[in-house]
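Asker: My structure is below; once you've seen it, I'll send some questions.
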Amino acid sequence: MATDSRQKPDNRRGANRSRSLLSDQARSYLGHHRKVARDSIQRMWKTPVASAMTWTVMGVALALPVALLLLLTSLQGVSAGWESTARITAYLAMELPAEEARGMAADIESDGRVVSVQLVERDQALADFRASSGLDEALDFLEENPLPHTLLITPEDSARSAEGVQALVTFVENMNGIDQVQVDLGWLQRLNAMTDILARAVWALALLLGAAVILVIGNTVRLAIENRRDEILVAKLVGGTDAFVRRPFLYTGAWFGLGGGLVAWLLIQVSLWWLSGPIERLAGLYRSEFTLQGPGFDGALALIIVAMLLGWLGAWVAVRRHLDDIEPGDIAGG
Amino acid sequence: MIEFRQVTKRYDSDHTALRAVNFHLDRGELAFLTGHSGAGKSTLLKLIMVMERPTAGEVIVGGQKLNSLPRRQIPYIRRHIGVVFQNHQLLFDRTVFDNVAMPLEVMGASPEDTGRRVRAALDKVGLLKKEKMNPMQLSGGEQQRVGIARAVVNKPPVLLADEPTGNLDPELSADIMRLFTQFSQVGVTVLVATHDIALINEMNRRTLTLNQGQLVAGGGVSGH
Numbered sequence: 034m035a036t037d038s039r040q041k042p043d044n045r046r047g048a049n050r051s052r053s054l055l056s057d058q059a060r061s062y063l064g065h066h067r068k069v070a071r072d073s074i075q076r077m078w079k080t081p082v083a084s085a086m087t088w089t090v091m092g093v094a095l096a097l098p099v100a101l102l103l104l105l106t107s108l109q110g111v112s113a114g115w116e117s118t119a120r121i122t123a124y125l126a127m128e129l130p131a132e133e134a135r136g137m138a139a140d141i142e143s144d145g146r147v148v149s150v151q152l153v154e155r156d157q158a159l160a161d162f163r164a165s166s167g168l169d170e171a172l173d174f175l176e177e178n179p180l181p182h183t184l185l186i187t188p189e190d191s192a193r194s195a196e197g198v199q200a201l202v203t204f205v206e207n208m209n210g211i212d213q214v215q216v217d218l219g220w221l222q223r224l225n226a227m228t229d230i231l232a233r234a235v236w237a238l239a240l241l242l243g244a245a246v247i248l249v250i251g252n253t254v255r256l257a258i259e260n261r262r263d264e265i266l267v268a269k270l271v272g273g274t275d276a277f278v279r280r281p282f283l284y285t286g287a288w289f290g291l292g293g294g295l296v297a298w299l300l301i302q303v304s305l306w307w308l309s310g311p312i313e314r315l316a317g318l319y320r321s322e323f324t325l326q327g328p329g330f331d332g333a334l335a336l337i338i339v340a341m342l343l344g345w346l347g348a349w350v351a352v353r354r355h356l357d358d359i360e361p362g363d364i365a366g367g
Numbered sequence: 393m394i395e396f397r398q399v400t401k402r403y404d405s406d407h408t409a410l411r412a413v414n415f416h417l418d419r420g421e422l423a424f425l426t427g428h429s430g431a432g433k434s435t436l437l438k439l440i441m442v443m444e445r446p447t448a449g450e451v452i453v454g455g456q457k458l459n460s461l462p463r464r465q466i467p468y469i470r471r472h473i474g475v476v477f478q479n480h481q482l483l484f485d486r487t488v489f490d491n492v493a494m495p496l497e498v499m500g501a502s503p504e505d506t507g508r509r510v511r512a513a514l515d516k517v518g519l520l521k522k523e524k525m526n527p528m529q530l531s532g533g534e535q536q537r538v539g540i541a542r543a544v545v546n547k548p549p550v551l552l553a554d555e556p557t558g559n560l561d562p563e564l565s566a567d568i569m570r571l572f573t574q575f576s577q578v579g580v581t582v583l584v585a586t587h588d589i590a591l592i593n594e595m596n597r598r599t600l601t602l603n604q605g606q607l608v609a610g611g612g613v614s615g616h
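Here you go:
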């Protein structure tokens, strides 16, 4: 249809022009995209403070959910790691002699569902406790060792399902001389439940902050549209299509997104660096392998792409709402 | 080239800007559009540029009926219509060259093509040496000529001018009218809205006269 109006019979010169090769048109189309992309970056540089502020707002809004997501991933890694090393702890009856305890350990170890059994004798247990708890002096007041012999049972991979572990627990419980059996999965389940809740909260937060980013960019682009009102009018008057008029603003939004994404990445890296020392110490205290993982290259790329998309989307919202309002209807005067 | 068939434009129930206007302008014709202010001159120009749509009747430009034109096609029609405004509508954030280049830019012309054609248009209006200046640095007459260069840079078959000599002294006005005459001689249909009676009388061309939205003179084909 576009060519219809271009090749009107009265417009011979225009018709000749529009008969340029398709590749030429594609080239000039791409050339225009390049020009607009460059232009909108240059405009951003012209107001460095305002642009930096927009980037920072975007950066903070993006960094927050991304940092929480990273934390979440790290936590889930921890629980996954510990689930695989789930152990059953069996406390033997107080009065049971060490000989018998060793016999029981051998019995359990011969069960096919068990990889290994470690016997912690009560004297050893007390010594360990003394060393790690710091209750050295308090323990001196005790007349006798309050700790029983303990068996640490590591199940086979195949027995590590919830039912498998439960069956093993029942088996051990039913043995003579067993006082109490504990599976240290309770806190793990609680951790899992908490990370689930946290995950939902983080995604909700990410959604809200994503919307905030779109609104911030939308507002910034709305101001840009107001500032370039005359240019938009003239472009529409001389036959600029809607796509032509929109293009610079969409690029502006995408560049804001790029800046915001970079700022967010920087904030995350700095916070990681800032937190890594204390977290290592804390994890060390819990004898955990826990480390905060950074976004990595893929994550950083995804972050920046998402940021650019959000920026583009924000610009698009603003353009939809405000660009159509600018019509050259009143330009010609009364 | 431009044809109005029984065109009526009503803004509100009580304000009718144009009433059953009929006229036809040929290719290469230069005509004036005149009338007291509020007689409907601007409305008539806006209908040609598809800034407004008629309430009744048909507007046909270059064989294309504008009434049924979908909104997305409007830009392509405007590329065939050069417009000169009384207040120039130049952009002061760029050079004279870039102002004149705008119609080519929206069409996606190549840089070489753009350079050649912009310079040809500026040469035509005698401003070739000022292409790198900001329009702000130019006099009113020069700004008007930049506006004309922009209107004709893509060689549109139709040229509209709304009070193009409004702020200019008689000598500059004559210059600009000479330019319009030259364009019409190479086949451009030129319609100049003005209430400068002296100018109209001097040029002795077909004149469409509007009064209260009605075409009272110049509507017949005998006018040219």
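Protein chains in written order, with our numbering: chain A, 34 to 367; chain B, 393 to 616.
Even glycine gets a Cβ: it sits at the ideal position worked out from N, Cα and C.
1) From the DSSP output, which residues share a beta bridge with A/A149?
2) So is A/D263 in contact with chain B if we call contact Cβ pairs under 8 Å?
3) DSSP three-state call for B/N491: helix, strand or coil?
4) Please classify B/N546 as buried or exposed, where buried requires at least 16 other C-beta atoms within 10 Å of its C-beta.
5) In chain B, which residues lie with their C-beta within 7 Å of the C-beta of A/P361?
6) Within the same chain, show all residues whose beta-carbon is closer than 6 Å to that of A/L346, passing over the 5 residues directly before and after it, in chain order.
7) In this structure, how does DSSP classify A/I359 when only helix, strand and coil are distinguished?
8) Given that B/L483 touches chain A, what residues does it touch there, using C-beta distances under 8 Å?
9) Any idea what DSSP makes of A/A35, helix, strand or coil?
10) Using a Cβ cut-off of 8 Å (strictly closer), state whether B/H407 contacts chain A.
11) Which residue's Cα is closest to the Cα of B/F572: B/F396, B/Y403, B/A423 and B/E395?
12) Run through the DSSP bridge pairs and tell me what B/N603 is partnered with.
13) Do the CB positions of B/V488 and B/K522 come within less than 8 Å of each other?
14) Residues of the stretch 515-528 of chain B with a CB closer than 7 Å to any CB of chain A: list them in chain order, please.
15) If contacts are defined as beta-carbon pairs under 8 Å, then A/G92 and A/A297 qualify, I think. What distance do you get, rounded to the angstrom?
16) Nearest by alpha-carbon distance to B/N414: which of B/L458, B/V399 and B/R464 is it?
17) Output yes or no for whether 8 Å exceeds the beta carbon distance between A/S329 and A/F289.
18) Between B/R402 and B/E450, which are expected to be in contact by the criterion C-beta below 8 Å, what is the C-beta distance as a whole number of angstroms?
19) Pull up the CB-CB distance for B/L425 and B/V582, whole angstroms please, since I reckon it's below 8 Å.
20) Tell me, to the nearest whole angstrom, how far the beta carbon of B/G579 is from that of B/A431; I am working on the premise that it is less than 8 Å.
21) Within 8 Å of any Cβ in chain B, is that where the Cβ of A/Y284 sits?
22) One question on the structure: do B/P495 and B/R463 come within less than 8 Å of each other, judged by their Cβ atoms?
23) Any C-beta of chain A within less than 8 Å: which residues of the stretch 495-508 of chain B qualify?
24) Below 7 Å on C-beta distance, what does B/P556 contact in chain A?
25) If we ignore side chains and look at the alpha-carbon of each, how far apart do A/K79 and B/E504 end up?
26) Rank B/G455, B/A409 and B/L591 by C-alpha distance to the C-alpha of B/R419 and give the top, closest one.
27) Beta carbon of A/V352, beta carbon of A/R262: below 8 Å?
28) Does any C-beta atom of chain A lie closer than 8 Å to the C-beta of B/P467?
29) Once the 5 residues before and after B/N491 are set aside, which same chain residues still bring their CB inside 7 Å of it?
30) Measure the C-alpha to C-alpha separation of A/L9 and A/L185 and round it to an integer number of angstroms.
31) Over what stretch of residues does the alpha helix (DSSP H) that includes A/R76 continue unbroken?
32) Report the residue from A/L97, A/K269 and A/I338 whose alpha carbon sits nearest the alpha carbon of B/V442.
33) In whole angstroms, what is the alpha-carbon distance linking A/W306 and A/W88?
34) Tell me, to the nearest whole angstrom, how far the beta carbon of B/G518 is from that of B/L560; I am working on the premise that it is less than 8 Å.
35) Report the start-end ranges of each beta strand (DSSP E) in the stretch 450-496 of chain B that is 3 residues or longer and not cut off at the edges.
36) Take the Cβ of A/V99 as the centre, count every other Cβ of all protein chains shown within 10 Å, and call the residue buried at 16 or more, exposed below.
Answerer: Looking at the coordinates:
1) Rather than Ala, the amino acid found at residue 149 of chain A in this sequence is Ser. Beta-bridge pairing links A/S149 to A/T187.
2) yes
3) helix
4) buried
5) M443
6) I247
7) coil
8) D263, E264 and V267
9) Low confidence applies here, because A/A35 scores a pLDDT of 40, under 50, leaving its location unreliable; read the following figure in that light. If DSSP states are grouped into helix, strand and coil, A/A35 belongs with the helices.
10) no
11) B/A423
12) B/Q606
13) yes
14) none
15) 4 Å
16) B/V399
17) The amino acid at residue 329 of chain A is misidentified as Ser; the sequence shows Gly. Not a contact, by the Cβ cut-off of 8 Å.
18) No, B/R402 and B/E450 are not in contact; Cβ-Cβ is about 16 Å, not under 8 Å.
19) At roughly 11 Å, the Cβ-Cβ gap does not stay under 8 Å, so B/L425 and B/V582 are not in contact.
20) Contact doesn't hold; Cβ gap of about 29 Å is too wide.
21) no
22) no
23) P495, E497, V498, M499, G500, A501, S502 and P503
24) Neighbours of B/P556 on chain A: none; closest Cβ ~12 Å, over 7 Å.
25) 28 Å
26) B/G455
27) no
28) yes
29) L482, L483, P527, V538 and R542
30) Absent from the model: residue 9 of chain A. The displayed extent of chain A is 34 to 367, so no value can be given.
31) L55 to K79
32) A/K269
33) 22 Å
34) That pair is no contact at about 15 Å.
35) 473-476
36) buried
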